[in-house]
Each structure stands twice: as C-alpha cells, then as structure tokens.
Amino acid sequence: MTPNDVEYFKICHAAGIVKEPILDVGSSRIGDQPNINELAKRLGLTRVKGADLNEGADVDYVANFGLDFSQFCRYGLPTFETVCVFNVLEHTFDPITVLSNALSCVSSTGSLIVLTPAIWPLHNYPGDYNRLLPDWYREFASRRNLKLDERLF
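Counting with our numbering, you get residues 6 to 158 for the letters of the sequence shown.
In structure tokens:
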C-alpha cells in the first residue's frame with residue numbers, strides 16, 4: 006500500500022464507510038508494507054479478515070475471486086459490512102468477475118471500497134493486466150444498480 010492508499014482508507018473510515026466486520030481481498034503482506042488489517046487495527050477496528058490466492062500473513066481465506074460465481078460460491082465465504090479491494094484489480098485478467106465476487110461478500114447494508122491505480126509504473130506481481138478508469142467504475146455500478154459515493158469517488 007502506498008501512503009495515498011493509507012490516507013484513502015482513513016478518509017473512508019472518517020466518513021463512516023468502514024464498518025466491521027471487514028474483509029480485505031488481496032490481504033497477503035508484501036514486504037513491510039501495511040495492509041488493511043494493520044490499518045484497521047490502528048484505527049481501533051479488530052474484526053478484520055483477509056482473503057488471498059495463497060496462504061500468508063493476514064490471510065484467513067484462501068480464495069480465487071477470479072473464478073466464475075458457481076465455483077467461487079464453493080468457498081462459502083460469509084458476508085461483511087465492508088469489503089476492501091485495494092490494488093488488486095489491475096492484477097486480474099477479468100476484473101468484472103473479481104469485483105462481482107467481492108460484491109457477493111458484501112452484506113445488504115454494507116459497502117465495497119475499491120482502489121486501483123490509473124497512473125502507476127507497471128508492477129507485475131503477480132501480473133499487471135489493466136488500468137481501470139473512472140468511467141469503468143461508473144458503468145460497473147450502473148449495470149449492477151449500485152450507488153457510488155461521489156464524496157469519495
């Protein structure tokens with residue numbers, strides 16, 4: 006996570022968007038960089054779970070969010086009030102499927118918080134496939150009848 010990512014999470018928390026329990030999609034730590042689990046704890050939030058492709062620090066659920074929904078459902082993940090997908094979608098070949106599966110983990114009263122770089126040097130761990138721009142998110146939200154919080158968009 007970059008310092009801007011950390012600041013955005015804090016802004017979302019201050020705006021009342023971040024509520025427990027929280028799921029961090031792509032939670033495995035890379036080096037000494039903080040992740041959502043660490044940031045949440047700094048803010049006094051303790052009910053945080055992590056999901057990633059492989060086992061690792063702060064990974065509670067090993068799950069592939071890129072699978073079609075019928076296969077993804079087999080993981081049996083619970084729902085969360087907040088699902089965070091920070092710096093993940095650019096590493097997926099099919100961001101629509103990944104984001105749709107993340108949405109399936111959001112409770113009916115919850116929020117999905119997504120952060121992706123638009124301008125960032127290529128960083129191919131585990132692969133670097135795309136850059137999603139604001140219109141992509143608007144169209145995704147429109148097609149799924151989702152509400153974008155324009156204050157934080």
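All C-beta atoms, glycine included, are put in the ideal place defined by N, C-alpha and C. Given the structure is predicted, the values throughout are model-derived calculations rather than measurements.
Taken through DSSP and simplified to helix, strand or coil, Ser147 comes out as helix. A straight-line Cα-Cα distance of about 34 Å links Asn59 and Glu155. Counted as a single uninterrupted DSSP element, the alpha helix (DSSP H) harbouring Leu108 occupies residues 100–108. Taking Val88 as reference, the option from Ile22, Phe77, Ile124 with the minimal CA-CA separation is Ile22.
Our two residues, Ile118 and Lys24, have alpha carbons roughly 11 Å apart in a direct line.
Gly36 counts as exposed, since fewer than 16 other C-beta atoms from the protein chains shown sit within 10 angstroms of its C-beta. Contact check between the region 54–73 and the region 98–110: three or more CB pairs, one atom from each, fall below 8 Å, which counts as touching. The Cβ-Cβ distance between Val30 and Val111 does not fall below 7 Å. Measuring C-alpha to C-alpha distances from Ala56 to each of Leu50, Val11, Asn42 identifies Asn42 as the nearest. Nearest neighbour of Leu94 by Cα position, chosen from Arg136, Thr84, Ser147, turns out to be Arg136. Your pair Ala146 and Leu153 checks out as a contact, with CB atoms roughly 5 Å apart and the cut at 8 Å.
When Asp73, Leu48, Ser32 are compared, the shortest CA-CA separation from Cys17 is found for Leu48.
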